[in-house]
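Under our numbering, think of the first position of the sequence shown as 122, with each following residue one higher.
We put the beta carbon where it would ideally sit given N, CA and C, even for glycine.
Computed from a prediction, not measured in an experiment: that's the story for all the values here.
Here is the structure we will look at, set down as structure tokens.
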Amino acid sequence: MGHLDHATFGWLTPALSYAMACIGAALGLSCTVRALETTGRSRRNWLITAASAIGSGIWTMHFIAMLGFGVTGTEIRYDVPLTLLSLLGAMVVVGGGVFAVGYSRDRTRALLLGGFATGLGVASMHYLGMAALRLHGTIHYDPLRVALSVAIAVAAATAALWAALNIKSSRAVALASLVMGAAVSSMHYTGMLAVSVQVAPSGRELPGATTMEFIFPLAVGLGSYLFLTSAFVALSPTARERAAYVFAERTAAPTETGSSAAAHEFTERGPVFRARRGDVREHDAPPATTP
122 MGHLDHATFG WLTPALSYAM ACIGAALGLS CTVRALETTG RSRRNWLITA
172 ASAIGSGIWT MHFIAMLGFG VTGTEIRYDV PLTLLSLLGA MVVVGGGVFA
222 VGYSRDRTRA LLLGGFATGL GVASMHYLGM AALRLHGTIH YDPLRVALSV
272 AIAVAAATAA LWAALNIKSS RAVALASLVM GAAVSSMHYT GMLAVSVQVA
322 PSGRELPGAT TMEFIFPLAV GLGSYLFLTS AFVALSPTAR ERAAYVFAER
372 TAAPTETGSS AAAHEFTERG PVFRARRGDV REHDAPPATT P
């Protein structure tokens, strides 16, 4: 039985993976909140962005955490097509849950179905990513801990979607993303505690790519995407902010119009006033006297 190390780099990979999970959750929740405030094509685009953000954040969290995973007695490589499939699957399944919440009229039913689908998306991404591992040996899973990890994923996803439906302020979204990031990270490490490896030493070369050859560059790329998308969302005004801006413009417009009209009237009537003042001066002036 090979010894498993889940933090070969210390607290660096767990802390960084948690941060990425929080960023993905915050971005996904913010996009979902904006989607529920709009209609038509705008809602669809926001929901697509939310699904890609949550899926990318969870995937990046998983594989950054996997950078710190090691097994004594064997090296680890990753099957590239399966790894990409885990990313695509996470986005698609999470997208199904997000769209269910975005377009369903029955919010309670949509929340339950969406949370279940999104949680399964998180779990399927995790275990599909684990299936992409290539090592000298056999991987075994504890069924009870696997079931617990799936339950944590579903609960976390349902709580996140509930937050998207009921929370509007930015502070509440930030707090909800911290909770969801903790739940997703807990799901990951619960699933990893379900893993045991029976090492079978071999001299043959493992297929696939190492973490530094494939996983690390892709994780950095997705992390950059999340940061750039976060900046875009932060600069995009919400429906309340747009309404407040329009209200402020309409409130200030009559005052500005009144001031402009008064200034225009003063300009136009200025010569008349001056003429009248001149008439008065000529009328009131004493007659000229001859010496």
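Span separating the alpha-carbon of residue i from that of residue j
| i | j | result |
| --- | --- | --- |
| Trp-283 | Ala-221 | 12 angstroms |
| Tyr-262 | Leu-256 | 15 angstroms |
| Ala-146 | Gly-218 | 14 angstroms |
| Thr-159 | Ala-174 | 19 angstroms |
| Leu-241 | Ala-373 | 51 angstroms |
| Leu-133 | Asp-227 | 43 angstroms |
| Gly-312 | Ser-270 | 5 angstroms |
| Leu-137 | Thr-181 | 10 angstroms |
| Asp-126 | Tyr-310 | 12 angstroms |
| Thr-332 | Arg-371 | 57 angstroms |
| Ala-280 | Glu-326 | 44 angstroms |
| Gln-319 | Thr-259 | 5 angstroms |
| Phe-130 | Met-141 | 17 angstroms |
| Pro-135 | Glu-334 | 21 angstroms |
| Ser-291 | Ala-231 | 23 angstroms |
| Tyr-346 | Gly-324 | 39 angstroms |
| Thr-350 | Arg-164 | 16 angstroms |
| Asn-287 | Asn-166 | 21 angstroms |
Exposure of residue i, with buried meaning 16 or more beta-carbon neighbours within 10 Å
| i | result |
| --- | --- |
| His-247 | buried |
| Ser-298 | buried |
| Thr-193 | exposed |
| Val-213 | exposed |
| Pro-322 | exposed |
| Thr-229 | exposed |
| Ala-268 | exposed |
| Gly-176 | buried |
Contact check, residue i vs residue j, beta carbons under 9 angstroms
| i | j | result |
| --- | --- | --- |
| Ala-171 | Gly-149 | yes |
| Ile-144 | Phe-337 | no |
| Leu-188 | Ala-340 | yes |
| Val-215 | Thr-195 | no |
| Ser-207 | Ala-253 | yes |
| Met-301 | Ala-277 | yes |
| Ala-295 | Val-154 | no |
Selected residue, minimal CA-CA separation from residue i, among the options
| i | options | result |
| --- | --- | --- |
| Tyr-139 | Leu-157, Leu-125, Trp-167, Ile-185 | Ile-185 |
| Ala-303 | Val-318, Ser-290, Ser-245, Gly-178 | Gly-178 |
| Val-275 | Leu-286, Leu-203, Leu-233 | Leu-233 |
| Ala-352 | Cys-152, Pro-135, His-124, Leu-125 | Cys-152 |
| Gly-236 | Met-251, Ala-272, Leu-265 | Ala-272 |
| Leu-205 | Leu-343, Gly-191, Ala-142 | Leu-343 |
| Leu-314 | Ala-142, Thr-279, Phe-190 | Phe-190 |
| Arg-266 | Met-308, Ser-225, Ser-163, Tyr-346 | Met-308 |
| Leu-203 | Pro-328, Tyr-346, Thr-350 | Pro-328 |
7 angstroms Cβ shell around residue i - same chain, five flanking residues per side excluded
| i | result |
| --- | --- |
| Ala-330 | Arg-198, Tyr-199, Val-201 |
| Pro-264 | none |
| Asn-354 | Per the sequence presented here, residue 354 reads as Val, with Asn not at that position. Result list for Val-354: Leu-148, Ser-151, Cys-152, in chain order. |
| Ser-225 | Ala-231 |
| His-183 | Met-246, His-247, Gly-250, His-309 |
Contact test: residue i Cβ vs the ligand ADP heavy atom, cutoff 8 angstroms
| i | result |
| --- | --- |
| Ala-142 | This structure simply doesn't include the ligand ADP, nor any ligand for that matter. |
Cβ shell of residue i (< 8 angstroms), same chain only, five flanking positions each side left out
| i | result |
| --- | --- |
| Gly-210 | Gly-242, Ser-245, Met-246, Leu-249 |
| Gly-161 | none |
Sequence-distant residues of its chain with Cβ nearer than 6 angstroms to residue i (five each side left out)
| i | result |
| --- | --- |
| Ser-317 | His-261 |
| Leu-168 | Ala-156, Val-219, Phe-220, Gly-223 |
| His-124 | Thr-193 |
Within-9 angstroms CB hit, residue i to chain B
| i | result |
| --- | --- |
| Ser-163 | Of the protein chains in the structure, only one exists, and it is not chain B. |
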